[in-house]
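Inspection log for the structure reproduced underneath, given as structure tokens.
Number of protein chains: 2
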Amino acid sequence: MDKKIIVVFQQSRVPFFSVRESHILRLRAALPAAEVIWCHSRDEFLAALPNAEVALTWRFQQEWFDLAPELRKIATPAAGRDFFAVTSVPERIEIKNGTFHGPLMAESVLGLLLAFNRGILTAYRHQLQGDLWPDHALLGARLISGTHAVIIGFGKIGQHVGRMLKHFNIRVTGIRRTAVSAADLPMWFESGDSVQPPACLHRVLADADHVIMLLPSDTGTDHFLGEREFECMPAHAVVYNFGRGNSIDETSLAKALRAGSIRGACLDVFQQEPLTAESPLADGNLPGLVRMPHASAFTEMYIERFIDECIEWLR
Amino acid sequence: MDKKIIVVFQQSRVPFFSVRESHILRLRAALPAAEVIWCHSRDEFLAALPNAEVALTWRFQQEWFDLAPELRKIATPAAGRDFFAVTSVPERIEIKNGTFHGPLMAESVLGLLLAFNRGILTAYRHQLQGDLWPDHALLGARLISGTHAVIIGFGKIGQHVGRMLKHFNIRVTGIRRTAVSAADLPMWFESGDSVQPPACLHRVLADADHVIMLLPSDTGTDHFLGEREFECMPAHAVVYNFGRGNSIDETSLAKALRAGSIRGACLDVFQQEPLTAESPLADGNLPGLVRMPHASAFTEMYIERFIDECIEWLR
Numbered sequence: 002m003d004k005k006i007i008v009v010f011q012q013s014r015v016p017f018f019s020v021r022e023s024h025i026l027r028l029r030a031a032l033p034a035a036e037v038i039w040c041h042s043r044d045e046f047l048a049a050l051p052n053a054e055v056a057l058t059w060r061f062q063q064e065w066f067d068l069a070p071e072l073r074k075i076a077t078p079a080a081g082r083d084f085f086a087v088t089s090v091p092e093r094i095e096i097k098n099g100t101f102h103g104p105l106m107a108e109s110v111l112g113l114l115l116a117f118n119r120g121i122l123t124a125y126r127h128q129l130q131g132d133l134w135p136d137h138a139l140l141g142a143r144l145i146s147g148t149h150a151v152i153i154g155f156g157k158i159g160q161h162v163g164r165m166l167k168h169f170n171i172r173v174t175g176i177r178r179t180a181v182s183a184a185d186l187p188m189w190f191e192s193g194d195s196v197q198p199p200a201c202l203h204r205v206l207a208d209a210d211h212v213i214m215l216l217p218s219d220t221g222t223d224h225f226l227g228e229r230e231f232e233c234m235p236a237h238a239v240v241y242n243f244g245r246g247n248s249i250d251e252t253s254l255a256k257a258l259r260a261g262s263i264r265g266a267c268l269d270v271f272q273q274e275p276l277t278a279e280s281p282l283a284d285g286n287l288p289g290l291v292r293m294p295h296a297s298a299f300t301e302m303y304i305e306r307f308i309d310e311c312i313e314w315l316r
Numbered sequence: 002m003d004k005k006i007i008v009v010f011q012q013s014r015v016p017f018f019s020v021r022e023s024h025i026l027r028l029r030a031a032l033p034a035a036e037v038i039w040c041h042s043r044d045e046f047l048a049a050l051p052n053a054e055v056a057l058t059w060r061f062q063q064e065w066f067d068l069a070p071e072l073r074k075i076a077t078p079a080a081g082r083d084f085f086a087v088t089s090v091p092e093r094i095e096i097k098n099g100t101f102h103g104p105l106m107a108e109s110v111l112g113l114l115l116a117f118n119r120g121i122l123t124a125y126r127h128q129l130q131g132d133l134w135p136d137h138a139l140l141g142a143r144l145i146s147g148t149h150a151v152i153i154g155f156g157k158i159g160q161h162v163g164r165m166l167k168h169f170n171i172r173v174t175g176i177r178r179t180a181v182s183a184a185d186l187p188m189w190f191e192s193g194d195s196v197q198p199p200a201c202l203h204r205v206l207a208d209a210d211h212v213i214m215l216l217p218s219d220t221g222t223d224h225f226l227g228e229r230e231f232e233c234m235p236a237h238a239v240v241y242n243f244g245r246g247n248s249i250d251e252t253s254l255a256k257a258l259r260a261g262s263i264r265g266a267c268l269d270v271f272q273q274e275p276l277t278a279e280s281p282l283a284d285g286n287l288p289g290l291v292r293m294p295h296a297s298a299f300t301e302m303y304i305e306r307f308i309d310e311c312i313e314w315l316r
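Those protein sequence lines, which keep their order, are chains A and B.
The first sequence begins at 2 in the working numbering and counts up by one.
The second sequence begins at 2 in the working numbering and counts up by one.
Rendered as structure tokens:
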């Protein structure tokens with residue numbers, strides 16, 4: 002009897018996102034009936050595809066399906082579909098995206114929300130400038146308790162973030178295209194929390210303290226926030242983007258920050274990544290701008306959690 | 002019948018910590034049977050003391066008791082007793098410290114813990130230096146889930162901080178001089194959480210990811226953490242101080258940071274405040290050093306919460 006062949010090609014420029022030997026050993030131990038082939042290059046991966054029944058990979062292209070007649074399952078750690086350049090998936094093949102990102106990303110979202118509002122980033126900037134006691138620079142410090150977060154993109158990750166915000170006594174409004182029936186509302190919703198359709202966006206933004214973007218890139222989300230939306234927000238609002246960079250009109254955002262019409266923007270994702278000097282957000286001294294290099298899920302545990310899900314799925 | 006006289010002298014160089022007219026109006030509305038006198042200087046306060054039954058103040062001195070024969074109650078927003086230069090309080094007088102700090106400070110503790118561990122502060126430093134995509138500077142980013150916090154000073158504030166840490170799946174060890182009976186352990190304790198006496202400090206520190214200091218200054222807490230204690234900690238440990246500056250030997254801490262024998266120190270309080278250029282921690286580029294200017298409770302709501310407690314107490 003032939004062994005099921007699992008091909009792993011999980012390389013990234015970021016070490017956190019690359020498979021290591023310990024992960025391969027875990028797969029082999031957990032799935033002794035399968036042969037696990039670890040590929041270190043695209044060429045090795047393409048050479049292994051013809052016999053592969055399962056592929057674990059960051060990227061896939063439409064034409065590769067033709068190389069892989071035995072392929073039945075593809076798993077990717079990505080939460081979004083944008084790394085897969087595929088237009089139609091053969092019926093025989095099931096694709097599974099990672100679903101472990103919520104707890105990882107919630108730590109980064111909460112971290113930025115608290116660091117921005119509690120004056121921590123302001124204090125650190127002053128420290129690095131040689132200021133010994135910048136207490137008067139911190140008079141904009143705010144509590145997050147009692148404030149209102151609008152989470153745009155209220156799927157698995159958005160709902161996990163919302164649940165963590167409740168521990169800090171924050172009112173949550175999710176914005177979501179797909180309607181949610183009363184029975185399917187999150188268990189942790191309290192009076193005042195709600196899910197609203199995009200049609201209500203402008204009304205909801207007018208009352209937002211925190212606007213947390215978690216939209217995918219592949220579903221018509223381009224410039225979901227633009228000039229008009231920044232105008233709707235109160236001057237103390239801060240925008241956070243942990244989804245994809247296309248969802249924000251970066252030129253309008255830079256203008257809003259410069260004009261002080263919103264208080265800040267904490268961004269993990271950008272229209273163009275890595276960021277280039279041509280970006281409207283390249284100026285690191287733009288008022289209220291805090292940038293992360295698409296790092297909200299950086300952790301030694303990243304691939305570990307993905308392997309957990311793969312083992313569960315393939316067992 | 003004479004009205005009860007409440008004297009308020011609540012000025013600070015930090016606007017958040019100063020009484021405003023709205024607070025005085027709230028007191029008057031809530032306590033119509035009393036006369037509320039708002040003093041704007043120490044002289045006014047001392048002149049009003051002879052008839053005062055209640056004083057709301059940041060500071061008090063031993064000799065002022067003699068000026069105030071009618072005084073029965075003093076309330077201060079401070080959590081610690083160190084702003085009161087008093088050695089013996091007359092029996093007729095009850096002193097009440099604010100007890101509202103936990104939720105305020107927990108936001109700052111969590112904010113620093115997350116910002117440090119998730120690479121947010123590192124990313125921000127690189128941004129300010131003009132780095133467009135510092136992802137390789139963030140390879141030290143860690144999740145806080147699954148880690149271990151040692152909270153030194155496990156009173157009201159420490160226990161509130163601990164409760165918030167549990168939402169992030171952090172194991173909590175409280176260090177506390179006064180023994181806690183099993184029945185008095187916090188309700189939120191889970192398997193693995195514990196309260197330990199100071200005698201266990203070195204053993205507990207060896208296993209700490211986060212060492213959170215919340216000690217008062219007035220009870221023999223000088224240099225509770227010194228050279229020996231920093232040596233006990235693992236190299237990935239980060240120290241946080243939100244208590245009082247005397248509890249850390251700053252020279253030893255600076256040495257430990259410079260040597261990389263611990264990963265960082267996020268400090269809100271210092272031996273000398275405001276910090277001076279002579280401090281061992283004055284160099285803002287010390288590896289892993291993050292300073293706040295005694296600002297962990299900065300919020301517009303600070304005096305508001307104090308007035309809440311005063312009204313409750315005096316009604």
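Glycine residues also receive a C-beta, built at the ideal position from the N, C-alpha and C atoms.
These numbers were taken from a predicted model, which means no experiment stands behind them.
Beta-carbon proximity of residue i to residue j, cut-off 7 Å
| i | j | result |
| --- | --- | --- |
| A35 of chain A | K5 of chain A | yes |
| L139 of chain B | A296 of chain A | yes |
| L317 of chain A | A257 of chain A | Only positions 2 to 316 of chain A appear in this structure, which leaves residue 317 of chain A out of reach. |
| G81 of chain B | L115 of chain A | no |
| A69 of chain B | A53 of chain B | yes |
| F61 of chain A | F85 of chain A | yes |
| F17 of chain B | Y303 of chain B | yes |
| L133 of chain B | L166 of chain A | no |
| M293 of chain A | D269 of chain A | yes |
| H237 of chain B | R264 of chain B | yes |
| G163 of chain B | V173 of chain B | yes |
| G154 of chain B | L206 of chain B | no |
| L28 of chain A | V37 of chain A | yes |
| L282 of chain A | I249 of chain A | no |
Buried or exposed by the 16-neighbour rule on C-beta atoms within 10 Å, applied to residue i
| i | result |
| --- | --- |
| M2 of chain A | Residue confidence for M2 of chain A is low, a pLDDT of 49 falling below 50, so the modelled location carries little weight; the figure read from the coordinates is stated next. M2 of chain A comes out exposed. |
| A30 of chain B | exposed |
| V8 of chain A | buried |
| T300 of chain A | buried |
| S23 of chain B | exposed |
| R14 of chain B | exposed |
| A142 of chain B | buried |
| W65 of chain B | buried |
Cross-chain neighbours of residue i in chain B, by beta carbon under 8 Å
| i | result |
| --- | --- |
| T277 of chain A | L133 |
| T300 of chain A | A142, R143, L144 |
| V239 of chain A | Those do not exist, as V239 of chain A stays about 14 Å from chain B at its closest Cβ, beyond 8 Å. |
8 Å Cβ cut-off: residues of chain A touching residue i
| i | result |
| --- | --- |
| L50 of chain B | Going along chain A, no residue has its Cβ under 8 Å from L50 of chain B, so there is no contact; the nearest lies around 29 Å. |
| G120 of chain B | M293, A296, F299 |
| S109 of chain B | L115, R119, I121 |
Straight-line Cα distance separating residue j from residue i
| i | j | result |
| --- | --- | --- |
| W59 of chain A | C311 of chain B | 59 Å |
| K97 of chain B | L129 of chain A | 39 Å |
| I121 of chain B | D185 of chain B | 37 Å |
| D67 of chain B | R43 of chain B | 16 Å |
| D284 of chain A | R245 of chain A | 20 Å |
| P1 of chain A | C40 of chain A | Absent from the model: residue 1 of chain A. The displayed extent of chain A is 2 to 316, so no value can be given. |
| A255 of chain B | Q273 of chain B | 15 Å |
| F317 of chain B | E305 of chain A | Residue 317 of chain B cannot be examined here, being either before or after the span of chain B that is shown, 2 to 316. |
| F101 of chain A | E92 of chain B | 60 Å |
| A124 of chain A | G147 of chain A | 23 Å |
| V110 of chain B | A209 of chain B | 16 Å |
| P104 of chain B | S89 of chain B | 31 Å |
| F10 of chain B | P51 of chain B | 14 Å |
| A180 of chain A | Q197 of chain A | 8 Å |
| F243 of chain A | S218 of chain A | 11 Å |
| L202 of chain B | G99 of chain B | 29 Å |
Amino acids of chain A, ordered along the chain, whose beta-carbon sits closer than 9 Å to that of residue i
| i | result |
| --- | --- |
| L254 of chain B | Neighbours of L254 of chain B on chain A: none; closest Cβ ~15 Å, over 9 Å. |
| S248 of chain B | Within chain A, no residue comes near S248 of chain B; the closest Cβ sits about 19 Å away, beyond 9 Å. |
Chain B residues whose Cβ lies nearer than 9 Å to that of residue i
| i | result |
| --- | --- |
| G103 of chain A | Chain B residues near G103 of chain A: none, gap ~11 Å exceeds 9 Å. |
Heavy atom of the ligand ZN within 6 Å of residue i beta-carbon
| i | result |
| --- | --- |
| F117 of chain A | The ligand ZN is absent from the structure shown, which contains no ligands of any kind. |
Where residue i meets chain A, residues with beta-carbon distance less than 7 Å
| i | result |
| --- | --- |
| V15 of chain B | D136 |
Which residues, in order along the stretch 151-171 of chain B, keep a beta-carbon less than 9 Å from a beta-carbon of chain A? M165, H168, F169, N170
Members of the stretch 22-53 of chain A that neighbour chain B once the beta carbon cut-off is set at 7 Å: none
Identify each residue in the stretch 257-273 of chain A for which the Cβ-Cβ distance to at least one residue of chain B is less than 7 Å, and report them in chain order. If the cut-off is 7 Å between Cβ atoms, the stretch 257-273 of chain A has nothing near chain B.
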